[in-house]
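Counting in this note's numbering, the sequence shown runs from 1171 upward without gaps. Down below is the structure, laid out as structure tokens.
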Amino acid sequence: MAPVRDLLTGVYLLLVALLGVASLWPRLSERFVAVEVVSQSSPPPAAELPPSTPAQRISLNQASLEELERLPGIGPALARRIVEGRPYSRVEDLDRVRGIGPKTLERLRPLVVP
């Protein structure tokens, strides 16, 4: 009689599990969204991107350390010195930051605003 009871217990547990999944399925299926791939081309390399427009420029007075570190030639230490040197009224004021010379300033000029 014990094997029959074990079999019935197994069938019962399987039935409960299936009913549980069946009751959750409508809620789970709502999370899936159909996605249409329009293009599989990769983005152009950075060299082919158009130059930054004023709307895309980074504000020296408001940018986070992470945003400043995305600028060419700016690492964590230099980004921290830029933040410590705030406020800036002109882009040229960056020349007072230790580590930013004329070449770096010219490279940053089209990418930043005060």
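C-beta: ideal position from N, C-alpha, C; glycine also.
So, are the CB atoms of residue i and residue j less than 8 Å apart?
{"i": "Leu1230", "j": "Tyr1258", "result": "yes"}
{"i": "Arg1251", "j": "Leu1235", "result": "no"}
{"i": "Thr1274", "j": "Gly1245", "result": "no"}
{"i": "Ala1264", "j": "Leu1241", "result": "The sequence given here places Leu at residue 1264; Ala does not occur at that position. The answer is no: Cβ separation not under 8 Å."}
{"i": "Pro1280", "j": "Arg1260", "result": "no"}
Please classify residue i: is it buried, with 16 or more other beta-carbons within 10 angstroms of its beta-carbon, or exposed?
{"i": "Ala1172", "result": "exposed"}
{"i": "Gly1190", "result": "exposed"}
{"i": "Leu1185", "result": "exposed"}
{"i": "Val1282", "result": "buried"}
{"i": "Ala1233", "result": "buried"}
{"i": "Arg1175", "result": "exposed"}
Return the bridge partner residues of residue i from the DSSP annotation.
{"i": "Ile1228", "result": "Val1282"}
Output the boundary residues of the alpha helix (DSSP H) element that contains residue i.
{"i": "Glu1254", "result": "1246–1254"}
{"i": "Glu1262", "result": "Per DSSP, Glu1262 belongs to no alpha helix (DSSP H) and is neither H nor E."}
{"i": "Glu1237", "result": "1235–1239"}
Whose C-beta lies closer than 8 Å to the C-beta of residue i among residues of the same chain, with five residues either side of it excluded?
{"i": "Arg1266", "result": "Gly1255"}
Spatial neighbours of residue i within its chain, please: C-beta separation below 7 Å, excluding the five flanking residues on both sides.
{"i": "Ala1187", "result": "none"}
Within the same chain, show all residues whose beta-carbon is closer than 6 Å to that of residue i, passing over the 5 residues directly before and after it, in chain order.
{"i": "Ile1270", "result": "Leu1264"}
{"i": "Gln1226", "result": "none"}
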